[in-house]
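Position 78, counted from 1, in the sequence shown is what numbering that gives the first Met the number 0 calls 77; the numbers after and before it change by one each time, with no gaps. Cβ coordinates follow ideal geometry from the N, Cα and C atoms, glycine included.
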Amino acid sequence: MGQAAWKGFVLSLFDYKTAKFVVAKSKKVGLLYRVLQLTILLYLLIWVFLIKKSYQDIDTSLQSAVVTKVKGVAYTNTTMLGERLWDVADFVIPSQGENVFFVVTNLIVTPNQRQGICAEREGIPDGECSEDTDCHAGESVVAGHGLKTGRCLRVGNSTRGTCEIFAWCPVETKSMPMDPLLKDAEGFTIFIKNFIRFPKFNFSKANVLETGDKHFLKTCHFSSTNLYCPIFRLGSIVRWAGADFQDIALKGGVIGIHIEWDCDLDKAASHCNPHYYFNRLDNKHTQSISSGYNFRFARYYRDPHGVEFRDLMKAYGIRFDVIVNGKAGKFNIIPTVINIGSGLALMGAGAFFCDLVLIYLIRKSEFYRDKKFEKVRGQKEEDNVEVEANEMEQELPEDKPLERVHQDEQALELAQSGRKQNSNCQVLFEPARSGLQENAFVNMKPSQILQTVKT
Numbered sequence: 000m001g002q003a004a005w006k007g008f009v010l011s012l013f014d015y016k017t018a019k020f021v022v023a024k025s026k027k028v029g030l031l032y033r034v035l036q037l038t039i040l041l042y043l044l045i046w047v048f049l050i051k052k053s054y055q056d057i058d059t060s061l062q063s064a065v066v067t068k069v070k071g072v073a074y075t076n077t078t079m080l081g082e083r084l085w086d087v088a089d090f091v092i093p094s095q096g097e098n099v100f101f102v103v104t105n106l107i108v109t110p111n112q113r114q115g116i117c118a119e120r121e122g123i124p125d126g127e128c129s130e131d132t133d134c135h136a137g138e139s140v141v142a143g144h145g146l147k148t149g150r151c152l153r154v155g156n157s158t159r160g161t162c163e164i165f166a167w168c169p170v171e172t173k174s175m176p177m178d179p180l181l182k183d184a185e186g187f188t189i190f191i192k193n194f195i196r197f198p199k200f201n202f203s204k205a206n207v208l209e210t211g212d213k214h215f216l217k218t219c220h221f222s223s224t225n226l227y228c229p230i231f232r233l234g235s236i237v238r239w240a241g242a243d244f245q246d247i248a249l250k251g252g253v254i255g256i257h258i259e260w261d262c263d264l265d266k267a268a269s270h271c272n273p274h275y276y277f278n279r280l281d282n283k284h285t286q287s288i289s290s291g292y293n294f295r296f297a298r299y300y301r302d303p304h305g306v307e308f309r310d311l312m313k314a315y316g317i318r319f320d321v322i323v324n325g326k327a328g329k330f331n332i333i334p335t336v337i338n339i340g341s342g343l344a345l346m347g348a349g350a351f352f353c354d355l356v357l358i359y360l361i362r363k364s365e366f367y368r369d370k371k372f373e374k375v376r377g378q379k380e381e382d383n384v385e386v387e388a389n390e391m392e393q394e395l396p397e398d399k400p401l402e403r404v405h406q407d408e409q410a411l412e413l414a415q416s417g418r419k420q421n422s423n424c425q426v427l428f429e430p431a432r433s434g435l436q437e438n439a440f441v442n443m444k445p446s447q448i449l450q451t452v453k454t
């Protein structure tokens, strides 16, 4: 048995499989096949070509430049600063205008700071002490404002105090106003100029209307019907981002301004328009002691004696990040052919699925499986079978029914006549799972077999 098994395995390596087409008269499988074909066809036409536009060559290597300008004035009158008028040079950082800029909306000012000796601010753990040995001279105060001098300063009869430091004195105060200092910043305007280019198609465009009217940008404002006037009101941007201006102006925050370019270059350039989206980038829902956005800066002066002093400012405000993305597409034969080929492959997958249903899942699957798969022998094996048939005929018992003898003779004569008509194409096949007892000869075309099966 082992040698026979190995012999069968070796011989099977020289078998050749060819396609055989069987027309199965099954309404259920036929309906399933047409539904799959229709589904794949609609997927290709609607999703692949109409929605995703997969017939186009896509360029996502967008080249972009952004220029920003903020305009507006604000008036304040406080006990610390007195009356003061704020313009662009005071509340916009950096002043030259980039894709990231900051608008000051609130300030904590520590005026007239000079370098000298003073007490560290309370509430800083590394700056607290109970005696002089707790303050090591020359060490900096962690998260503090200066260098320790080695002395512990206590107020009255208190047993706890703060270390004496060498720093800009007086140190910064912790007090913060309950309302934003620059409440009028809500009415400031922001001009965002954006230039884009898609290098693959050598296509360039800007988000500003090309016009010779010098007064156009002085009178227009952005709206859904006026996309090429990129002048935005600051309060409107904050509202479109889903934030409250008074809340974000008090502690600060980060707003994203997204400009999306989705250009179909098979159409006119006028159809390539910018789309704007706004959102708050810092997590406003997270309650944290470090929420908001702020930083410090100082302005330095000299008194008549040449001694330097400064005004320290802790600025709260809104940081704007201008983010530009885009893609452009244009018809190209290569992606079109690739996607059509993919669609044809999906059609083949549908036929494969229907084959599985036909020969394995339906009630008459065994019958269809017998019709679909056949074993075909070569010419030499056919001659051997014919010889065996002759021998069996000679050894036929005398009591065999005459009717069976006539049947065998008719089958042999039919096979011989068929071989004479087309000896080059004659093959012997035997159904894999049929219950037939006779061997039959049929003519087969070299390329394929087409057979209609009715149930």
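Could you tell me which of the options sits nearest to residue i, measuring between CA atoms?
i: residue 163; options: 9, 84, 139, 178; result: 139
i: residue 295; options: 54, 335, 107; result: 107
i: residue 86; options: 98, 329, 13, 73; result: 73
i: residue 320; options: 158, 99, 179, 48; result: 99
i: residue 176; options: 246, 145, 122; result: 246
i: residue 346; options: 24, 42, 11; result: 42
i: residue 166; options: 112, 342, 217; result: 112
i: residue 174; options: 336, 256, 312; result: 312
i: residue 340; options: 9, 39, 79; result: 39
i: residue 123; options: 331, 82, 170, 132; result: 170
i: residue 67; options: 57, 81, 92, 77; result: 92
i: residue 80; options: 105, 366, 221; result: 105
i: residue 230; options: 256, 6, 366; result: 256
i: residue 188; options: 154, 232, 146, 218; result: 232
i: residue 216; options: 20, 202, 70; result: 70
i: residue 103; options: 354, 366, 316; result: 316
i: residue 26; options: 353, 370, 292, 369; result: 353
i: residue 35; options: 1, 343, 368, 241; result: 343
i: residue 228; options: 274, 244, 307; result: 274
i: residue 110; options: 195, 145, 222, 307; result: 307
i: residue 368; options: 32, 22, 282; result: 22
i: residue 84; options: 6, 182, 331; result: 182
Determine the direct distance from the alpha carbon of residue j to that of residue i, and round the result to whole angstroms.
i: residue 15; j: residue 4; result: 19 Å
i: residue 149; j: residue 130; result: 9 Å
i: residue 172; j: residue 115; result: 17 Å
i: residue 322; j: residue 207; result: 17 Å
i: residue 309; j: residue 184; result: 26 Å
i: residue 259; j: residue 314; result: 31 Å
i: residue 101; j: residue 158; result: 45 Å
i: residue 426; j: residue 372; result: Only weak support exists for where residue 426 lies, its pLDDT of 35 falling under 50; the value from the coordinates is given anyway. Distance between the alpha carbons of residue 426 and residue 372 is about 15 Å.
i: residue 120; j: residue 134; result: 14 Å
i: residue 127; j: residue 168; result: 18 Å
i: residue 210; j: residue 290; result: 44 Å
i: residue 338; j: residue 180; result: 60 Å
i: residue 488; j: residue 198; result: Coverage of the chain is limited to positions 0 through 454, which leaves residue 488 absent and any answer about it impossible.
i: residue 448; j: residue 24; result: Its pLDDT being 43, under 50, residue 448 is placed unreliably in this model, and the coordinates cannot settle the point.
i: residue 261; j: residue 65; result: 18 Å
i: residue 276; j: residue 348; result: 42 Å
i: residue 161; j: residue 89; result: 35 Å
i: residue 266; j: residue 193; result: 22 Å
i: residue 94; j: residue 237; result: 21 Å
i: residue 142; j: residue 118; result: 14 Å
i: residue 248; j: residue 37; result: 57 Å
i: residue 252; j: residue 222; result: 24 Å
Residue range of the beta strand (DSSP E) that residue i falls in?
i: residue 326; result: 307-330
i: residue 58; result: 55-58
i: residue 64; result: 62-70
i: residue 261; result: 252-263
i: residue 234; result: No beta strand (DSSP E) holds residue 234; the alpha helix (DSSP H) holding it covers 233-239.
i: residue 456; result: As displayed, the chain neither begins before 0 nor continues past 454, which places residue 456 out of reach and without an answer.
i: residue 279; result: 273-279
i: residue 370; result: Where residue 370 is concerned, there is no enclosing beta strand (DSSP E), although the alpha helix (DSSP H) it sits in stretches over 364-371.
i: residue 222; result: That residue, residue 222, is in no beta strand (DSSP E); it is neither H nor E in DSSP.
i: residue 146; result: 146-152
i: residue 192; result: 188-197
i: residue 293; result: 293-301
Would you kindly report the start and end of the unbroken alpha helix (DSSP H) that includes residue i?
i: residue 3; result: 1-11
i: residue 33; result: 26-41
i: residue 123; result: Note, residue 123: premise wrong, no alpha helix (DSSP H); not H, not E.
i: residue 216; result: 215-218
Pull the bridge partners of residue i from the DSSP assignment, please.
i: residue 114; result: 167
i: residue 15; result: Residue 15 is not bridged to any residue.
i: residue 172; result: Paired residues: none, contrary to the question.
i: residue 160; result: 128
i: residue 77; result: 81
i: residue 204; result: 195
Next item on the list: Tell me, please, whether the segment 48-66 touches the segment 320-332 by the rule of three or more beta-carbon pairs shorter than 8 Å.
Entry: yes
Next item on the list: Would you be able to state if there are at least three C-beta pairs under 8 Å between the segment 42-53 and the segment 361-371?
Entry: no
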